[in-house]
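Report on one structure; see the data block that follows.
Residue numbers (this note's numbering): 42 to 128.
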């Protein structure tokens, strides 16, 4: 398994390596790793419909894989502070 529940392991590099594995073998082949990755994100306060879609086995694999691929940009939007706004 390449994903840990620790914050320091929820890096873009971990996401990228898991994404490569999903691209090669499909999301179902990496169910446990994806589940651990999403659970770690949720434990650290991330909430997104993309997380839900990524884990939903009733959705087509291609939709789940696309949702997983969009996670980094959605998380950046949540965690990147907005600068330059007047208070």
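Each residue gets a CB set at the ideal place from its N, CA and C atoms; glycine is no exception.
Cα-Cα separation between residue i and residue j, rounded to whole angstroms
| i | j | result |
| --- | --- | --- |
| residue 60 | residue 68 | 9 Å |
| residue 62 | residue 95 | 15 Å |
| residue 97 | residue 66 | 18 Å |
| residue 90 | residue 58 | 22 Å |
| residue 86 | residue 52 | 15 Å |
| residue 101 | residue 115 | 20 Å |
Buried versus exposed call for residue i [16 or more other C-beta atoms within 10 Å across all chains shown]
| i | result |
| --- | --- |
| residue 75 | buried |
| residue 108 | buried |
| residue 88 | exposed |
Simplified DSSP state of residue i, which is helix, strand or coil
| i | result |
| --- | --- |
| residue 100 | coil |
| residue 86 | coil |
| residue 52 | coil |
| residue 110 | helix |
Pair within 9 Å by beta-carbon distance, residue i and residue j
| i | j | result |
| --- | --- | --- |
| residue 71 | residue 113 | no |
| residue 92 | residue 84 | no |
| residue 106 | residue 64 | yes |
Minimum Cβ-Cβ distance from residue i to chain B less than 9 Å
| i | result |
| --- | --- |
| residue 84 | Looking at the structure shown, chain B is missing, and only one protein chain is on hand. |
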